[in-house]
Amino acid sequence: MTFTIPIDNGDAVKNAEADSQRTLYPYVTGTSIVAIKYKDGVLMASDMGGSYGSTLRYKNIERMKAIGKHSLLGASGEISDFQEILRYLDELVLNDNMWDDGNSLGPKEVHNYLTRVMYNRRNKFNPLWNTLVLGGVKNGETYLGMVSMIGVSFEDNHVATGFGNHLARPILRDEWHADLSFEDGVKLLEKCMRVLLYRDRSAINKLQIAKITEEGVTVSQPYSLKTFWEFKAFHNPTAGAEGSW
Amino acid sequence: MFRNQYDTDVTTWSPTGRLFQVEYAMEAVKQGSAAVGLRSRSHVVLASVNKAQSELSSHQRKIFKVDDHIGVAIAGLTADGRVLSRYMRSESINHSFTYESPLPVGRLVVRLADKAQVCTQRSWKRPYGVGLLVGGLDESGAHLYYNCPSGNYFEYEAFAIGSRSQAAKTYLERRFESFKESSREDLIKDAILAIRETLQGETLKSSLCTVSVLGVDEPFHFLDQESIQKVIDTFEKVAEEEEDGGEAQAEADAPVEQGGAGDQDVAPMEM
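Residue numbers (the UniProt record's numbering), protein chains in the order written: chain A, 1 to 245; chain B, 1 to 271.
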């Protein structure tokens, strides 16, 4: 995919340089993020894989990070752009802390700031190639929202990015309910992540679950899900397809 | 304060460490008509005296809404006040747009103060000739600040600025300890009473003052003339009974005025 904007200032060299600075396609990407609101806050799950095209090149990438005191950010898509976003947010949180006045940025503010950033970059044809999930708790209010690389932004009780939209959200629509306990929330997320593991080829079996409550953020140690490959359908998967091997 | 050789521009210090141009700017605030502000834990009331240039003209607007949760009352050069109000509205709405969240008033006040400071340190500028009483909300509740032309700002429980504000300040000093826990209605009443002090005997009518309220669950708005008159009616009658004791005390309290002999010294651009 190429996005070229015709600029005719007569300077081919400068234009070429400027063009090479814009994001044209992603290189190292993370796959789905799945997140749900539960009784005490938000639970978010992601695997630790960074794909380089179809190669699963990096297997220790943390795609969820705490932002300030009240927010948790998860990202899928280009990893270097996620790191850039973390730098923006670092500066934002730093300036907020420097005021030292008892006011602090909550998840709603961070989500809206990110929406502005993503949308503005999209307008300049130089997107940050990510879909971001922002969850948090402030003053007892739980918040969960999402921003895409083109600046589409919304809040919901459960969100997912990438393949998660297609595989995880139907499960969540059926089984999510308000005031899930921590254990039930984790079980639900693991159910979604297991389906993604079976069906998303860029997923790896090494995931983390992060939780954010009024007290703060905890990101779990990486762990693996139990999988079962002895289903009859997996034994001879191409049995019905003529011409396959 | 008299003319001296160090007062020509704002970038000249006096040997005693004063910037006279800044101090002269603060004098301009004292010439304007009075404005008072009070706050409780959850509400801020701003009130001002309606001064008209002449009988033919309408009165100057001295209280401005900056946002649903911030209001400002000014005294001094109203043109400067109008420009600064526009700046405050702009800052507030830009913050709301980016963060979908109200700008904490404490942060707005610092930006305003920094803007005023710039004018005290440039040879091609002059200080703003207006004092601002900024009332607003942030996460910790209701706050009242006073921004002065020097670039300083202070937080107050209650304050009054402009001509004859000393009388209002005296009244407020007597009662400020109760404001924190005051009800909204009592706060409004105290504001109007403070305004009355600045009128020095002139009968208080609702047409003479403007009152505005904002609170934790109440967006900034002005009180209409009827509501103000109702509040005035509750104490004007009591005041008539107390006339002998009360009035004598009020006159003893109001010292010789800073800021001129009254109306005839007010320059046309100051209100």
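For glycine and all other residues, C-beta sits at the position ideal for the given N, C-alpha and C. Bear in mind that the values here come from a model prediction, so they are computed numbers and not experimental data.
Expected contact under 8 Å - CB spacing of residue i and residue j to nearest Å
| i | j | result |
| --- | --- | --- |
| Trp129 (chain A) | Glu78 (chain A) | 4 Å |
| Ala210 (chain A) | Met64 (chain A) | 5 Å |
| Ile171 (chain A) | Cys192 (chain A) | 5 Å |
| Leu72 (chain A) | Val217 (chain A) | 5 Å |
| Gly37 (chain B) | Phe159 (chain B) | 6 Å |
| Val29 (chain B) | Ala75 (chain B) | 5 Å |
| Ala35 (chain B) | Lys62 (chain B) | 6 Å |
| Val133 (chain A) | Met149 (chain A) | Wrong, their Cβ atoms sit about 13 Å apart, outside the cutoff. |
| Phe176 (chain B) | Glu157 (chain B) | 5 Å |
| Phe163 (chain A) | Ser46 (chain A) | So it is not a contact: roughly 12 Å between Cβ atoms. |
| Ile232 (chain B) | Ile192 (chain B) | 6 Å |
Residue i to residue j span [Cα, whole Å]
| i | j | result |
| --- | --- | --- |
| Gly131 (chain B) | Gln21 (chain B) | 15 Å |
| Gly74 (chain A) | Arg107 (chain B) | 29 Å |
| Ser92 (chain B) | Pro219 (chain B) | 14 Å |
| Tyr87 (chain B) | Arg3 (chain B) | 33 Å |
| Gln166 (chain B) | Met26 (chain B) | 15 Å |
| Leu77 (chain B) | Leu180 (chain A) | 59 Å |
| residue 312 (chain A) | Ser163 (chain B) | Outside the modelled stretch of chain A, which goes from 1 to 245, sits residue 312 (chain A), for which no answer is possible. |
| Ala250 (chain B) | Glu173 (chain B) | Annotation note: pLDDT 43 at Ala250 (chain B) (below 50); position unreliable, coordinate value reported separately. The alpha-carbon atoms of Ala250 (chain B) and Glu173 (chain B) are separated by roughly 14 Å. |
| Ala113 (chain B) | Val134 (chain B) | 11 Å |
| Asp138 (chain B) | Leu103 (chain B) | 8 Å |
| Lys14 (chain A) | Thr98 (chain B) | 32 Å |
| Lys180 (chain B) | Val44 (chain B) | 10 Å |
| Gly246 (chain B) | Thr8 (chain B) | Any reading at Gly246 (chain B) must be qualified, since the residue scores a pLDDT of 46, below 50, and its modelled position is unreliable; no value is offered. |
| Val213 (chain B) | Thr29 (chain A) | 53 Å |
| Arg122 (chain B) | Asp96 (chain A) | 29 Å |
| Cys119 (chain B) | Val110 (chain B) | 15 Å |
| Ala261 (chain B) | Gly68 (chain A) | Summary for Ala261 (chain B): the model assigns pLDDT 41, below 50, so the residue's position carries little reliability, and this model does not support an answer. |
| Glu242 (chain A) | Tyr198 (chain A) | 23 Å |
| Gly50 (chain A) | Tyr153 (chain B) | 51 Å |
| His177 (chain A) | Glu155 (chain A) | 16 Å |
| Ala160 (chain A) | Gly135 (chain A) | 12 Å |
| residue 273 (chain A) | Asn120 (chain A) | Not covered by the structure: residue 273 (chain A). The range shown for chain A is 1 to 245. |
| His59 (chain B) | Asn50 (chain B) | 6 Å |
| Ser183 (chain B) | Asn60 (chain A) | 58 Å |
| Tyr128 (chain B) | Ala116 (chain B) | 7 Å |
| Phe228 (chain A) | Lys187 (chain A) | 17 Å |
| Ala52 (chain B) | Gly17 (chain B) | 38 Å |
| Ala233 (chain A) | Tyr52 (chain A) | 30 Å |
Where residue i falls, given that 16 or more other Cβ within 10 Å makes a residue buried
| i | result |
| --- | --- |
| Pro26 (chain A) | buried |
| Pro237 (chain A) | exposed |
| Leu94 (chain A) | exposed |
| His158 (chain A) | buried |
| Gln31 (chain B) | buried |
| Ala248 (chain B) | With a pLDDT of 44 at Ala248 (chain B), under the threshold of 50, the modelled position of that residue is not reliable, and no figure is offered here. |
| Asp174 (chain A) | exposed |
| Gly41 (chain A) | buried |
| residue 246 (chain A) | The structure shown has nothing for residue 246 (chain A), since chain A only spans 1 to 245. |
| Val216 (chain B) | exposed |
| Leu56 (chain B) | exposed |
| Val34 (chain A) | buried |
| Val110 (chain A) | buried |
| Arg39 (chain B) | buried |
| Met118 (chain A) | buried |
Opposing strand residues paired with residue i [DSSP bridges]
| i | result |
| --- | --- |
| Met44 (chain A) | A:Ala35 and A:Ala210 |
| Thr203 (chain B) | Looking at the DSSP assignment, Thr203 (chain B) forms no beta bridge with any residue, so it has no partner. |
| Thr29 (chain A) | A:Ser51 and A:Glu78 |
| Ser48 (chain B) | B:Ala35 and B:Thr210 |
| Lys65 (chain A) | A:Leu73 |
| Thr161 (chain A) | Answer is none; Thr161 (chain A) lacks a bridge partner. |
| Glu109 (chain A) | Answer by DSSP bridge pairing: none, since Glu109 (chain A) is not bridged. |
| Ile192 (chain B) | None; Ile192 (chain B) has no bridge partner. |
| Phe222 (chain B) | B:Ser212 |
| Ile63 (chain B) | B:Ala73 |
| Asp179 (chain A) | None; Asp179 (chain A) has no bridge partner. |
| Ser153 (chain A) | A:Val147 |
Proximity test, residue i beta-carbon vs the ligand GTP heavy atom, cut-off 7 Å
| i | result |
| --- | --- |
| Ser92 (chain B) | Ligands displayed in this structure: none; no statement on the ligand GTP is therefore possible. |
Min CB distance residue i to chain D below 8 Å
| i | result |
| --- | --- |
| Asp156 (chain A) | No chain D appears in this structure, whose protein chains are A and B. |
Residues of the region 126-152 of chain B with Cβ closer than 9 Å to any Cβ of chain A, in chain order
Answer set for the region 126-152 of chain B: Asp138, Glu139 and Ser140.
Practice task
Compile a chain-ordered list of the residues in the region 94-105 of chain B whose CB is closer than 8 Å to at least one CB of chain A.
Solution key: Answer set for the region 94-105 of chain B: Phe97, Thr98, Tyr99, Glu100, Ser101 and Pro104.
- Interfacial residues, the region 91-102 of chain A to chain B, with Cβ spacing under 7 Å: Flagged, chain order: Trp99, Asp101 and Gly102.
*Which residues, in order along the region 143-177 of chain A, keep a beta-carbon less than 9 Å from a beta-carbon of chain B?*
Residues: none.
Check distances from the C-beta atoms of the region 98-129 of chain A to those of chain B and list, in chain order, the residues that come in under 7 Å. Trp99, Asp101, Gly102, Asn103, Lys108, Glu109, Asn112, Tyr113 and Arg116
Check: Any residues in the region 31-48 of chain B with a beta carbon nearer than 8 Å to a beta carbon of chain A? Which ones, in chain order?
Finding: none
Next item on the list: Could you please tell me which residues of the region 106-117 of chain B, in chain order, have their CB closer than 7 Å to any CB of chain A?
Entry: Gly106 and Arg107
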